[in-house]
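Peer 1: Residue numbers for the sequence shown follow numbering that gives the first Met the number 0, beginning at 0 and rising by one.
The C-beta atom is built at its ideal place from N, Cα and C for all residues, glycine as well.
Since the model is a prediction, treat every value here as computed from it, not as a measurement.
My structure is below; once you've seen it, I'll send some questions.
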Amino acid sequence: MKKYVLAIDQGTTSSRAILFGKKGELIRIARRDIETQFPKPGWVEESATDIWVSVVASITELVEKEHIHYNEIDSIGITNQRETTIVWDKETGTPVYPAIVWQSRQTADLCDKRNSKSDFIFNRTGLRLNPYFSASKIRFILDHIKDGQKRAENGELLFGTVETWLIYKLTNGKCHLTDVTNASRTMLFNIKTCKWDKELLKIWNIPMCMLPKICPTAYDFGDATYLKHDIPITGVAGDQQAALFGQTCFAKGESKNTYGTGCFMLMNIGDKPILSKHGLLTTVAWQINNKVTYALEASVFMGGATIQWLRDGLEIIKSTPESEELATRVKDTDGVYLVPAFVGLGTPYWDNDVRAAFFGLTRGTTKEHIARASLEGVAYQISDSLKVMQQETKIKLKSLNVDGGASANNFLMQFQSDILACDVKLPVCVETTALGAAYMAGLHTGFYKSLSEISKYHRYQKIFKPKMDKKLVNEKLRGWDLAVKSARSFKPNK
Ligand code: ADP
Numbered sequence: 000m001k002k003y004v005l006a007i008d009q010g011t012t013s014s015r016a017i018l019f020g021k022k023g024e025l026i027r028i029a030r031r032d033i034e035t036q037f038p039k040p041g042w043v044e045e046s047a048t049d050i051w052v053s054v055v056a057s058i059t060e061l062v063e064k065e066h067i068h069y070n071e072i073d074s075i076g077i078t079n080q081r082e083t084t085i086v087w088d089k090e091t092g093t094p095v096y097p098a099i100v101w102q103s104r105q106t107a108d109l110c111d112k113r114n115s116k117s118d119f120i121f122n123r124t125g126l127r128l129n130p131y132f133s134a135s136k137i138r139f140i141l142d143h144i145k146d147g148q149k150r151a152e153n154g155e156l157l158f159g160t161v162e163t164w165l166i167y168k169l170t171n172g173k174c175h176l177t178d179v180t181n182a183s184r185t186m187l188f189n190i191k192t193c194k195w196d197k198e199l200l201k202i203w204n205i206p207m208c209m210l211p212k213i214c215p216t217a218y219d220f221g222d223a224t225y226l227k228h229d230i231p232i233t234g235v236a237g238d239q240q241a242a243l244f245g246q247t248c249f250a251k252g253e254s255k256n257t258y259g260t261g262c263f264m265l266m267n268i269g270d271k272p273i274l275s276k277h278g279l280l281t282t283v284a285w286q287i288n289n290k291v292t293y294a295l296e297a298s299v300f301m302g303g304a305t306i307q308w309l310r311d312g313l314e315i316i317k318s319t320p321e322s323e324e325l326a327t328r329v330k331d332t333d334g335v336y337l338v339p340a341f342v343g344l345g346t347p348y349w350d351n352d353v354r355a356a357f358f359g360l361t362r363g364t365t366k367e368h369i370a371r372a373s374l375e376g377v378a379y380q381i382s383d384s385l386k387v388m389q390q391e392t393k394i395k396l397k398s399l400n401v402d403g404g405a406s407a408n409n410f411l412m413q414f415q416s417d418i419l420a421c422d423v424k425l426p427v428c429v430e431t432t433a434l435g436a437a438y439m440a441g442l443h444t445g446f447y448k449s450l451s452e453i454s455k456y457h458r459y460q461k462i463f464k465p466k467m468d469k470k471l472v473n474e475k476l477r478g479w480d481l482a483v484k485s486a487r488s489f490k491p492n493k
């Protein structure tokens, strides 16, 4: 009797194994942290072997603690940190270089060299030329190992993002596969044809033979024979797309925002890719059978990380939840704004040179105002992105589904609802990323019958409704616009 779907959620800082039941209920989580290396300023790497070991350890702990038998597990869904790049030896299965993590800027010059191709790349991929995506990272690895290019061309090396690596290991090296959502983040994938693109491969001089085969998100990816019980892997998606699915944003126009270290907002835009004129990325949301669904994506670099800075940089709070208590001690920010451009600004500005700035300080400004302005600064960035999303899609948002660590902050969620003038909905199960992968896997095997059945399981613990006077909202948004403009004009070194 199959009782569970097992989700593997392989993130930047940890790997988690999570069991879900028949109604999408969370049974248990096991987690292993992963060490990240910063070998040089801006470089971020992890050991691909450690990633794999952490996944196996979390699965083993989960199964043992829950006293379940592997044969009670219907299927496996995998979701993962996106863009992180691994290259390994086809013969031995050994990684030839550390995994280069999505955040890493070590390939900035490789991207700069291809600046003249940025429009072409954007039109083919929906992505902006940036070290963030996998293509430049593969190029970097081939350039930094002995005979890299030659070995790749001879078919001796394989490339994969994290899901491909995990599928490969779980199937004992039998399957070299990716899914459309992860492929759409490589910068080698044609967003319109949903295939690897020969011209993009040429721009990066990457041989086709090292790339995995692209599959739908709900698909038979092979049996996890490594676990000795042949459980099929039947759902795979990148973390943000999986969260959109786990939030049951199945209809066009439905959106979610994840308030993690950064914030990632995705809107389901239906079956046609829209290319943004204002800094949004276009990405594949999922593919079930032959039907591809697309999403527009906004990336905000400093979400919860802004609150970490209050804790670790300014030291005005001891824990991030304290920010809420501090912020609600005052009735407003007294005209103080923080533009949290600590690492530049992402969507819709994509300005690498802007630095963070406080505006409107007086002798009366206290740490309470600072905390409140910081939380508001996170929310304003989402509002900027959403404004662009609504303009480009001509869809007016009715509600925003939320998740991620900072969605536990009631002040932030209420303020977000106020300035967006729409409901902000926090689900009961905040493990939406893992849940999305589990749903995809279970849908393929019939463990979950349909999207409408899944929608019925989705419950909310809190719904924040807009309360703020419209005039006040407009005043605040005007202040924010001015703050962003002023911060962006402060470029002392240019
Ligand atoms: P990630 O997946 O990126 O590691 P998480 O979803 O685990 O992120 O969220 C962690 C982030 O959420 C941290 O940056 C932290 O500062 C922030 N955070 C967690 N709880 C709160 C809170 N109550 N108020 C504000 N920020 C919070």
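Quick one: is the Cβ of residue 258 within less than 8 Å of any heavy atom of the ligand ADP?
Peer 2: Your numbering for residue 258 matches position 259 in the sequence shown. The answer is yes for residue 258.
Peer 1: Three or more C-beta pairs closer than 8 Å, one from the segment 322 to 337 and one from the segment 257 to 271: is that the case here?
Peer 2: Contact between the segment 322 to 337 and the segment 257 to 271 is absent, because fewer than three Cβ pairs lie under 8 Å.
Peer 1: Less than 8 Å between C-beta atoms, sequence neighbours within five positions excluded: which residues of the same chain meet that for residue 226?
Peer 2: Position 227 of the sequence shown, counted from the first residue, corresponds to residue 226. These residues qualify, in order along the chain: 58, 69 and 169.
Peer 1: Assuming residue 260 and residue 272 form a contact by the criterion Cβ under 8 Å, report the distance between their Cβ atoms to the nearest whole angstrom.
Peer 2: Numbered from 1 along the sequence shown, position 261 holds the residue referred to as residue 260. Numbered from 1 along the sequence shown, position 273 holds the residue referred to as residue 272. Contact doesn't hold; Cβ gap of about 27 Å is too wide.
Peer 1: Starting from the C-beta of residue 494, find all residues in its chain whose C-beta is less than 6 Å away, skip the five residues before and the five after it, and write them out in chain order.
Peer 2: Beyond the ends of the chain as shown, which are 0 and 493, falls residue 494; an answer cannot be given.
Peer 1: Whether or not the segment 388 to 403 and the segment 361 to 374 are in contact is what I'm after, with contact meaning three or more pairs of Cβ atoms, one per stretch, closer than 8 Å; do they touch?
Peer 2: Too few Cβ pairs lie closer than 8 Å, so no.
Peer 1: Is residue 496 helix, strand or coil by DSSP?
Peer 2: Outside the displayed span of the chain (0 to 493) sits residue 496, for which this structure offers no information.
Peer 1: Could you check whether the segment 337 to 357 touches the segment 439 to 450, counting it as contact only if at least three pairs of C-beta atoms, one from each stretch, sit closer than 8 Å?
Peer 2: In short, these stretches do not touch, since the Cβ pair count stays below three.
Peer 1: In terms of DSSP beta bridges, what is residue 25 paired with?
Peer 2: As a first step, residue 25 must be located in the sequence shown, where it is residue number 26. Answer is 19, bridged to residue 25.
Peer 1: Compare the beta carbon distance of residue 184 and residue 82 with 9 Å and say whether it is the shorter of the two.
Peer 2: Translated into the one-based positions of the sequence shown, residue 184 becomes position 185. Translated into the one-based positions of the sequence shown, residue 82 becomes position 83. Yes, the Cβ-Cβ distance between residue 184 and residue 82 is below 9 Å.
Peer 1: Between which two residues does the alpha helix (DSSP H) containing residue 157 stretch?
Peer 2: Within the sequence shown, numbered from 1, the residue matching residue 157 stands at position 158. Premise fails: residue 157 lies in the beta strand (DSSP E), 156 to 160, not in any alpha helix (DSSP H).
Peer 1: How long is the line joining the alpha carbons of residue 32 and residue 48, rounded to whole angstroms?
Peer 2: As a working mapping, residue 32 is identified with position 33 in the sequence shown. As a working mapping, residue 48 is identified with position 49 in the sequence shown. Using only the alpha carbons, I get a separation of about 13 Å.
Peer 1: Ordered along the chain, which non-local residues of its own chain (more than five positions away) have a Cβ less than 6 Å from that of residue 42?
Peer 2: On the sequence shown, residue 42 is found 43 positions in, with the first residue counted as 1. Here the set comprises 103 and 105.
Peer 1: Where does residue 473 sit, in a helix, a strand or coil, going by DSSP?
Peer 2: One-based indexing of the sequence shown puts residue 473 at position 474. Residue 473 falls in the helix class under three-state DSSP.
Peer 1: Quick test of the definition: if touching needs 3 or more C-beta pairs under 8 Å, does the segment 203 to 212 touch the segment 150 to 159?
Peer 2: Yes, the segment 203 to 212 is in contact with the segment 150 to 159.
Peer 1: Please go through the same chain and pick out, in chain order, the residues whose beta-carbon is closer than 6 Å to the beta-carbon of residue 174, but skip the five residues on each side of it.
Peer 2: In the sequence shown, residue 174 corresponds to position 175, counting from 1. Within the same chain, residue 174 has close Cβ partners 166 and 221.
Peer 1: Just checking residue 246 against the ligand ADP - is the residue's beta carbon closer than 8 Å to any of the ligand's heavy atoms?
Peer 2: Here residue 246 refers to the residue found at position 247 when the sequence shown is read from its first residue. Result no, Cβ not under 8 Å from the ligand ADP.
Peer 1: Return the CA-CA distance between residue 404 and residue 431, expressed in angstroms with no decimal places.
Peer 2: The sequence position of residue 404 within the sequence shown is 405, counting from 1. The sequence position of residue 431 within the sequence shown is 432, counting from 1. For residue 404 and residue 431, the distance between alpha carbons rounds to 12 Å.
Peer 1: Should residue 468 be labelled buried (16 or more other beta-carbon atoms within 10 Å of its own) or exposed?
Peer 2: The count along the sequence shown starts at 1 and reaches residue 468 at position 469. That one is exposed.
Peer 1: Do residue 483 and residue 417 have their CB atoms nearer than 9 Å?
Peer 2: Counting from one through the sequence shown, the residue named residue 483 turns up at place 484. Counting from one through the sequence shown, the residue named residue 417 turns up at place 418. In this structure, residue 417 does not lie closer than 9 Å to residue 483 by Cβ.
Peer 1: State the Cα-Cα distance for the pair residue 233 and residue 112, rounded to the nearest angstrom.
Peer 2: Mapped onto the sequence shown, residue 233 falls at position 234. Mapped onto the sequence shown, residue 112 falls at position 113. Cα-Cα distance, rounded: 39 Å.
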